[in-house]
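Colleague: Residues -27 to -1, 1 to 519 (mature numbering (1 follows the signal peptide of the UniProt record, and there is no 0)) make up the sequence shown, in order. Idealized CB from N, CA, C, for every residue including glycine. This one's a predicted model, so the numbers in the text were calculated from it and none came from an experiment. Submitted below is the structure of interest, expressed as C-alpha cells.
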Amino acid sequence: MVYAAIPTYLRTAVLLACAVVAGVARSQPPAVGPDPTRAPTLRPAGPRVFPNPVPRSSNVTEVQEDDEFALPDVLDPTPGPIERLGPDFRNPNGVPARQAIDRPAPPRATGQYQVRLTQAPKMLGDFFSNTNNCIIVGQQYGMAVHQAVGSGSIGAADNLRMIYHDAGSDTWVFAGGSNNTAQGTYFTPSLDAPLEGVITGLSGNGLDQTGNFTAVDAGEVIDVFDNDTDTLASMTGVEAYQIFEVNKLVLPAANPGDLVGRVRIQDNNSALPQDRVYLDYNYFHNARFTDAGFGVNRLTPGIERTFWGGMASIECRIPVAATLNSETTFGEGFDTSNVEWGNLTIAPKVLLWVDDQQALAAGLGIALPTADDLEIFSTAGPALMVRNDAVHVIPYLAYLRMPQRSDFFVHSFLTVDVDTGGNEVWANTTGAGLQQVGGVRDQTLLTASASLGKFVYRNFHPGPGLKGLAWTTELHYTATLDDADVVQAGPFQVGTPDSDLSLLNATVGGHLFAGNSILTAGYTVPVNSDERVFDGEFRFFINRLY
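Shown next, in the form of C-alpha cells:
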C-alpha cells in the first residue's frame, strides 16, 4: 500500500540510486590487511616507487601521522589497492617521511637511521690540563770558583767565590773587588768539596742570606784576577761553577700546549657524524698555574664534515686562550693574560653500528704541535726551553642512545691520550747558552665520560622558532696510566715525580634548539678537590648544522 502511494518518478529514482551504489561496492577489492602467516616487512630493501605521481597541489598541507609510513599528498583517483609504504619513501616535495616527522628544518640527511639521532645534543666535557706536572727553575746568579785550603791569597778556605767575566777579554774578576775589600758576595758550600749539589747560605762583606743554592760545574778551567787591571792572577787553573738559587720559579705546566689546555675529544662532541661548524667558549676559574690561580678564557672554533654517505666524518679544531705567557722572565712576575694558540686537532671517526635509536662510533684524534715553545729567561738570557715537538694520538669509542617514544638520551666516551714522541728540553747550565739536556713525554691519560639528558620541550612544526629544550648531567673521570718523565739538569727540573692524577669532575648544562642552531651552556666542578686543576669552569657552545 505504501509502495503504491509513492509517485512513479520517485520510485524510479530510488531504484536507480540503489543500483549505482551496489555496482560501486562490487567493484572495490577486499580490504588489504596483514597476512597472518607472514610477518610484516617494516623496512623494505629499497624505496617503493610510484609511477606517474600526481603533482602536489599548492593548497594541500602535508600531514604525517605515522612514524613508519607516509602517503602521497594527492592520491590517484583511479580505484586500486592501498599499498604499505616503506620509511625510504619520498613524497612529491622530496622530503623523506621519517625526516618530515622527526626533524623539522633539518640539516642535510645523513641516512634514514641517523636523522632522528641528530636531535641529540653534544656532550659538554670538563678538562683543562695536568697542572700537577711542573717545572722548577733556579735563578742564575753567575760564575764562581772554589778556593781550596792554602790556594790563593784571597778569602777563607773551602769557599765558592763569586766572579764575573770582563766582556771582551779573558779576564775573570772577583765580585768582591781587589783583595775582597769592597762589597762582595761569596757562597759557603755545605760540602767540603765543590761537588754539584745544594749549597746553603749566601754571605759576603756585610751581606748574609739564607736559602738553598746549587753549584753546577761549568766545564771550564780559568784564571782569576783581583781586578781587570791586574797582570798576575790570584788563582790559576781553577774550575768554574754556575751558581743558581733553587726554587726561584715554579711553573705548573711542564709541556707546551698545557697553557691553553690539553685536547679533549669528548668536548662538544657526539658519536654521530654531522655536518656542522661551531664555536666553544670556556672560562676556567682559578686555573692552577700560580699559587693563587687565575682565570683563563679560551675560544675553540671548529668544523666537522661527513663523508661515506654520512657514515664517517672528519673534524678540525684549534683553541686560542688568554692565559699564562709561554715566555716567562725571572723577577718580572707572571703575565696571565697573553693570547696563546693551542695545538691543532684533527679527528676522523666512523660509525661501527647505527639504527634509529643508537649509534656506536670509533675515532682517532691527532693533536699536532702548533702551540709555542715554553721558554724561561733570566737576566743573563735564555735559561730553559721546552720545545713543542710532541704529536698526540687519541683513539676513542663513543656511544649515543636515544630511545623511541622517550625524551631521554645518553652519551658516553672512552678515550686514551698518548704522547708519541715527547718534547726536547734545553737548558743553560754552564753559562754557554742553551744545550739539550733531555726530553719529556706527557703522561698518558685515560678518560671515561658519561652523560644523561632529557628533552623538556619539543616542537615539530616547520618554520623558525624554538624547537626544543633539554638538560644534561655528566660525570668525567681522568687518570694517568704511567709515571711522569723528569729531567734534572743543574737547578732545572722539568716534570714532577709521583704526579699521578685521578680526577672526577661533574658537569650540568642545558641545550636550546632553534632551527639548525644549538646553543649549549654548562658548569663543571671538581668532585675530588685534592687534585683539582681549576675551581670551576663555565662552558658555552654554539653549533650550526648544515
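Which same chain residues end up closer than 6 Å to R374 when comparing Cβ atoms and leaving out the 5 residues on each side of it in sequence?
Modeller: Here residue 374 is taken as the residue at index 401 of the sequence shown, counted from 1. Only Q331, V383 meet the Cβ criterion.
Colleague: In the DSSP assignment, find the beta strand (DSSP E) that holds A335 and state where it starts and stops.
Modeller: Taking the first residue of the sequence shown as 1, we reach residue 335 at position 362. Start and end: 331 to 341.
Colleague: Just the C-alpha distance for residue 522 and R431, rounded to the nearest angstrom, thanks.
Modeller: Residue 522 is absent from the model: the chain starts at -27 and stops at 519.
Colleague: Whole angstroms is fine: what's the gap from I367's alpha carbon to L272's?
Modeller: Position 394 of the sequence shown holds residue 367. Position 299 of the sequence shown holds residue 272. So the two alpha carbons sit approximately 21 Å from each other.
Colleague: Assuming R278 is part of the beta strand (DSSP E), what are its boundary residues?
Modeller: Translated into positions along the sequence shown, residue 278 becomes position 305. Segment 267 to 280, the beta strand (DSSP E) holding R278.
Colleague: Are the C-beta of G441 and some C-beta of chain B separated by less than 8 Å?
Modeller: Among the protein chains of the structure shown there is no chain B, as only one such chain exists.
Colleague: Which residues does DSSP list as the beta-bridge partners of K440?
Modeller: Stepping through the sequence shown from its first residue, residue 440 is reached at position 467. None, per the DSSP bridge assignment.
Colleague: Who are the Cβ neighbours of V459 in its own chain at under 6 Å, not counting the five residues just before and after it?
Modeller: In the sequence shown, the residue the question calls residue 459 occupies position 486. Closer than 6 Å at the Cβ level, and outside the excluded window around V459, lie G468, P470.
Colleague: Can you tell me which residues form a DSSP beta bridge with Y430?
Modeller: The residue given as residue 430 occupies position 457 in the sequence shown. Y430 pairs with L442.
Colleague: For D181, does the count of other Cβ atoms within 10 angstroms reach 16, so buried, or fall short, so exposed?
Modeller: Here residue 181 is taken as the residue at index 208 of the sequence shown, counted from 1. The predicted position of D181 is uncertain, since its pLDDT is 45 and thus under 50; no value can be drawn from it.
Colleague: For the beta strand (DSSP E) containing Q247, name the first residue and the last one.
Modeller: Counting from 1 along the sequence shown, the entry for residue 247 is found at position 274. Careful: Q247 lies outside any beta strand (DSSP E) and carries neither H nor E.
Colleague: Using the three-state DSSP reduction, which class does D253 fall into: helix, strand or coil?
Modeller: Here residue 253 refers to the residue found at position 280 when the sequence shown is read from its first residue. D253 falls in the strand class under three-state DSSP.
Colleague: Jot down the residue ranges of each uninterrupted beta strand (DSSP E) in the region 345 to 399, minimum 3 residues, whole runs only, in chain order.
Modeller: Runs of the beta strand (DSSP E) inside the region 345 to 399: 347 to 351, 354 to 359, 365 to 374, 381 to 392.
Colleague: Can you round the beta-carbon distance between K95 and N255 to whole angstroms, since I take them to be within the 8 Å contact cut?
Modeller: On the sequence shown, position 122 is the one that residue 95 refers to. On the sequence shown, position 282 is the one that residue 255 refers to. No, K95 and N255 are not in contact; Cβ-Cβ is about 14 Å, not under 8 Å.
Colleague: At what residues does the beta strand (DSSP E) containing F513 begin and finish?
Modeller: As a first step, residue 513 is located in the sequence shown; it is residue number 540 there, counting from the start. Unbroken beta strand (DSSP E) run through F513: 509 to 518.
Colleague: Suppose only complete runs of 3+ residues qualify. What are the beta strand (DSSP E) ranges in the region 276 to 320, listed by chain order?
Modeller: Counting only runs of 3 or more, we get 285 to 290, 293 to 296, 300 to 302, 311 to 314.
Colleague: Since N478 contacts V500 with CB under 8 Å, what's their CB separation in whole angstroms?
Modeller: Looking up residue 478 in the sequence shown gives position 505. Looking up residue 500 in the sequence shown gives position 527. Confirmed, Cβ separation roughly 6 Å.
Colleague: On a CA-only basis, which of I108, F101, Y214, C107 is nearest T402? Give me that one, please.
Modeller: The count along the sequence shown starts at 1 and reaches residue 402 at position 429. Among I108, F101, Y214, C107, the Cα nearest to that of T402 belongs to Y214.
Colleague: May I ask which residues mark the beginning and end of the beta strand (DSSP E) holding L485?
Modeller: For the purposes of this step, residue 485 is taken as residue 512 along the sequence shown, with counting starting at 1. Unbroken beta strand (DSSP E) run through L485: 475 to 487.
Colleague: Based on the DSSP secondary-structure assignment, which residues constitute the bridge partners of Q409?
Modeller: In the sequence shown, counting from the first residue as 1, residue 409 sits at position 436. W399.
Colleague: Cutting at 6 Å between CB atoms, please list the residues of its own chain near A400, excluding the five before and the five after it.
Modeller: In the sequence shown, the residue the question calls residue 400 occupies position 427. Cβ within range, chain order: L357, V410, A462, F465.
Colleague: Can you check whether the CB of R261 is closer than 8 Å to the CB of F507?
Modeller: Within the sequence shown, residue 507 is the residue found at index 534, counting from 1. Within the sequence shown, residue 261 is the residue found at index 288, counting from 1. Result yes, Cβ atoms of F507 and R261 sit closer than 8 Å.
Colleague: Which residues mark the beginning and the end of the beta strand (DSSP E) in which A462 is found?
Modeller: As a first step, residue 462 must be located in the sequence shown, where it is residue number 489. 460 to 462 is the span of the beta strand (DSSP E), which, as asked, contains A462.
Colleague: Give me the Cα-Cα distance between A285 and P321, rounded to the nearest whole angstrom.
Modeller: For this step, residue 285 is matched to residue 312 along the sequence shown. For this step, residue 321 is matched to residue 348 along the sequence shown. Taking the straight line joining both Cα atoms gives about 7 Å.
Colleague: By DSSP, does L205 sit in helix, in strand, or in coil?
Modeller: The sequence position of residue 205 within the sequence shown is 232, counting from 1. Note: L205 maps to coil in three-state DSSP.
Colleague: Please classify T445: is it buried, with 16 or more other beta-carbons within 10 angstroms of its beta-carbon, or exposed?
Modeller: For the purposes of this step, residue 445 is identified with residue 472 of the sequence shown, where counting begins at 1. T445 comes out buried.
Colleague: Which residues mark the beginning and the end of the beta strand (DSSP E) in which A494 is found?
Modeller: Position 521 of the sequence shown holds residue 494. A494 -> beta strand (DSSP E) spans 490 to 499.
Colleague: Rounded to a whole number of angstroms, what is the C-alpha to C-alpha distance between E277 and G406?
Modeller: Looking up residue 277 in the sequence shown gives position 304. Looking up residue 406 in the sequence shown gives position 433. Rounded to whole angstroms, E277 to G406 spans 45 Å at the Cα level.
Colleague: Give the range of the beta strand (DSSP E) segment to which V467 is assigned.
Modeller: As a position in the sequence shown, residue 467 is number 494, starting the count at 1. Note, V467: beta strand (DSSP E), 465 to 467.
Colleague: Taking a contact to mean a Cβ-Cβ separation below 8 Å, would you say G394 touches D415 in this structure?
Modeller: In the sequence shown, counting from the first residue as 1, residue 394 sits at position 421. In the sequence shown, counting from the first residue as 1, residue 415 sits at position 442. Cβ atoms of G394 and D415: not closer than 8 Å.
Colleague: Let me confirm a value: Q239 is counted as buried when at least 16 other C-beta atoms fall within 10 Å, else exposed. Which label applies?
Modeller: As a first step, residue 239 is located in the sequence shown; it is residue number 266 there, counting from the start. The residue in question, Q239, is buried, as its Cβ has 16 or more Cβ neighbours within 10 Å.
Colleague: Would you identify the three-state DSSP class for R237, choosing helix, strand or coil?
Modeller: For the purposes of this step, residue 237 is identified with residue 264 of the sequence shown, where counting begins at 1. The answer is coil: DSSP assigns R237 none of H, G, I, E or B.
Colleague: Using C-beta distances below 6 Å, list every residue in its chain close to T480, excluding the 5 sequence neighbours before and after it, in chain order.
Modeller: In the sequence shown, counting from the first residue as 1, residue 480 sits at position 507. Same-chain partners within the cutoff: L97, D99, E447, G495, T497.
Colleague: Take the Cβ of E348 as the centre, count every other Cβ of all protein chains shown within 10 Å, and call the residue buried at 16 or more, exposed below.
Modeller: Along the sequence shown, one-based indexing puts residue 348 at 375. The residue is buried, with at least 16 neighbouring Cβ atoms inside 10 Å.
Colleague: Sort S472, N316, K427 by Cα distance to P274 and report the nearest one.
Modeller: Residue 274 sits at position 301 when you count from the first residue of the sequence shown. Cα-wise, what sits closest to P274 is N316.
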